[in-house]
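Heads up, the thing below is written out as structure tokens.
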Amino acid sequence: MYLFLLALHSLIRWFVLASLLFVIFRSYRGWFGHKPYTKTDHVTRIITATIAHIQLVAGVWLYFISPVVDYFLHNYSQAVHMRQIRFFGMEHVTIMLTAIVLITIGSAKAKRKTTDEAKFKTMAIWFTIALLLIFTSVPWSFSPLISRPLFRSF
Ligand code: HEM
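The numbers in the numbering used here rise by one with no breaks, and the one at position 126 of the sequence shown is 126.
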């Protein structure tokens, strides 16, 4: 189960990033291009928030079964000084949770705005901040600090 969930969590990351990039692109285009807020914008906003929530569920589940996190929680005083372990036990979780909260708030606020420009502006700002946070907290394969594969087989 652990390895399956790890591979799934790794895969969903691409859907999180792709949906966010797409919706952010459309938001800035709509905001600065004074475009109407269409059904496509409405649906992509909902899909983006849903994918982030699916990743949240997978991540929380992973947190409870991960041997890395288990080691972190049971050997806190030593593990907190070990970068790889601390990253998954503390930093990754905190930053990703914050990003998903920002996506949720941004999506809810955009829904309530009354003008198209305000909807696009709200989504552009909240989702961009969330994307930046996510980028900094993904363990990219090319990162010299915390490196994990770009794709993990099931
Ligand atoms: C947008 C949100 C997130 C993205 C893009 C993301 C991405 C990733 C990636 C790429 C990995 C490495 C997977 C691998 O080794 O192949 C990972 C590991 C992990 N993530 Fe996330 N994550 C997100 C949110 C979360 C959340 C909210 C939690 C927990 C509350 C979480 C918990 C974990 C844990 C525990 C691991 C590593 C476990 C281990 O190595 O044993 N993630 N994440």
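All C-beta atoms, glycine included, are put in the ideal place defined by N, C-alpha and C.
Fair warning: this is a prediction, and the values are worked out from it, not measured in the lab.
{"Asked": "Rounded straight-line distance, which links the Cα of V23 to that of G106", "Found": "12 Å"}
{"Asked": "Top-ranked residue by Cα proximity to S27, from A108, W61, A118 and E91", "Found": "A118"}
{"Asked": "Contact under 7 Å by Cβ, I210 with Q55", "Found": "Residue 210 is absent from the structure shown; the chain starts at 1 and stops at 154."}
{"Asked": "The stretch 145-153 in contact with the stretch 4-11 per 3-pair CB rule at 8 Å", "Found": "yes"}
{"Asked": "Range of the contiguous alpha helix (DSSP H) that encloses L145", "Found": "Counting along the chain, L145 falls outside any alpha helix (DSSP H), and DSSP gives it neither H nor E."}
{"Asked": "Straight-line Cα distance separating G33 from I65", "Found": "47 Å"}
{"Asked": "Proximity to F25 [Cα-Cα], best of R152, L131, W140 and T136", "Found": "L131"}
{"Asked": "Alpha-carbon to alpha-carbon, T136 and I129", "Found": "11 Å"}
{"Asked": "Check whether V69 and Y63 have beta carbons under 7 Å apart", "Found": "yes"}
{"Asked": "Nearest-angstrom Cα separation, counted from F88 out to M123", "Found": "28 Å"}
{"Asked": "CA-to-CA distance, Y76 to Y2, given in whole angstroms", "Found": "22 Å"}
{"Asked": "Candidates R152, V138 and A110: closest to Y37 by CA position", "Found": "A110"}
{"Asked": "Neighbourhood of F142 by C-beta, 7 Å cutoff - its chain only, sequence neighbours within 5 removed", "Found": "none"}
{"Asked": "Backbone secondary structure at Y37 - three-state DSSP", "Found": "coil"}
{"Asked": "F72, DSSP secondary structure in three states", "Found": "helix"}
{"Asked": "Pairwise C-alpha distance: I95 and P67", "Found": "20 Å"}
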